[in-house]
């Protein structure tokens, strides 16, 4: 890990005698998009809770710009599996919530909300309430709110898991659009390997409990990426290999950088 890393992680975590994570070590560069994959129940969401500072690891640390992760003092945004909108606020009011909490000027709030609403395709829906829009649109609101604050770190926990395939693919493209426009540091958890290859600069694959990083795959493909290209399918096959490899089942360490 270098001192220039935006995020530095070196943790282990247990619940009593149950070891959830064992020596999870990685770093994330500023503005990098990192995807984390692993089998169900391996502790991916627990890792995000540790990364954002709401759960203290049993051992080790998470550093954001060299300081311990702390949601009280650092700007860390979280996008959940299910849309997390405030039902009594309009689309615009939901998106600007974080900016108002930070004390941003009204003119700056208006400019940022206008820009980000356009990027995620919500223009014309600013005055709608959450019950008046679809689940996919609610998740767009949550994603727009996360990026609007220019957070130091954006954590996304399988945000498209409940969406149908066409909506999922559209949302993937929109997340990439907003990330390219606003260039924040993103850690994105998914169990969908194709999604990880489509989105990530880098993919970390966790083993079953006790979870370790068994592979690190760099994705050297330019955006937009074609899921049917030989290069894309080869990377996905690498992910499948490491997810199901005996090393992953045993929790043994392995590292397979690509690119």
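Residue numbers (our numbering): -17 to 241.
Idealized CB from N, CA, C, for every residue including glycine.
Kindly identify the DSSP beta-bridge partner or partners of residue i.
i           : result
residue 42  : -7
residue 138 : 61 and 170
residue 18  : 171 and 186
residue 1   : -4
residue 50  : 45
Residue i: buried (16+ other C-beta within 10 angstroms of its C-beta) or exposed?
i           : result
residue 156 : buried
residue 39  : buried
residue 205 : exposed
residue 87  : exposed
residue 186 : buried
residue 213 : exposed
residue 3   : buried
residue 130 : buried
residue -5  : buried
residue 52  : exposed
residue 208 : exposed
residue 96  : exposed
residue 133 : buried
residue 10  : buried
residue 154 : buried
residue 242 : Nothing can be reported for residue 242, as the shown portion of the chain is limited to -17 through 241.
residue 135 : buried
residue 189 : buried
residue 224 : buried
residue 222 : exposed
residue 69  : exposed
residue 48  : exposed
Pick helix, strand or coil for residue i, following the three-state DSSP scheme.
i           : result
residue 7   : strand
residue 197 : strand
residue 224 : helix
residue 80  : helix
residue 205 : coil
residue 243 : The first residue shown for the chain is -17 and the last is 241, placing residue 243 beyond what the model contains.
residue 94  : helix
residue 104 : coil
residue 87  : coil
residue 181 : helix
residue 191 : coil
residue -12 : coil
residue 35  : coil
residue 72  : coil
residue 28  : helix
residue 217 : helix
residue 23  : coil
residue 126 : helix
residue 238 : Because the pLDDT at residue 238 is just 45, under 50, the model does not fix this residue reliably, and the value given afterwards should be weighed accordingly. Coil, per DSSP.
Taking 7 Å as the CB-CB cut-off, is residue i touching chain D?
i          : result
residue 99 : Within the model displayed, chain D is absent; a lone protein chain is all it includes.
Runs of alpha helix (DSSP H) lying entirely within the segment 144 to 170, each at least 4 residues, in chain order: The segment 144 to 170 contains, as complete alpha helix (DSSP H) runs of 4+ residues, the segments 147 to 164 (chain order).
Touch test, the segment 198 to 212 against the segment 171 to 184, Cβ-Cβ under 8 Å, three pairs minimum: Output reads yes: the segment 171 to 184 touches the segment 198 to 212.
Touching by the beta-carbon criterion (3+ pairs, under 8 Å), the segment 117 to 126 and the segment 66 to 77: At 8 Å Cβ cutoff, the stretches touch.
Touch test, the segment 139 to 155 against the segment 40 to 52, Cβ-Cβ under 8 Å, three pairs minimum: Taking 8 Å as the limit for Cβ pairs, the verdict is that the segment 40 to 52 does not touch the segment 139 to 155.
Three-pair Cβ contact test at 8 Å for the segment 53 to 64 versus the segment 101 to 113: At 8 Å Cβ cutoff, the stretches do not touch.
Stretch-stretch touch, CB-based, cutoff 8 Å, three pairs: the segment 167 to 177 with the segment 8 to 16: A contact exists between the segment 167 to 177 and the segment 8 to 16.
Contact the segment 89 to 103 vs the segment 22 to 32: 3+ CB pairs below 8 Å: Short answer: they don't touch.
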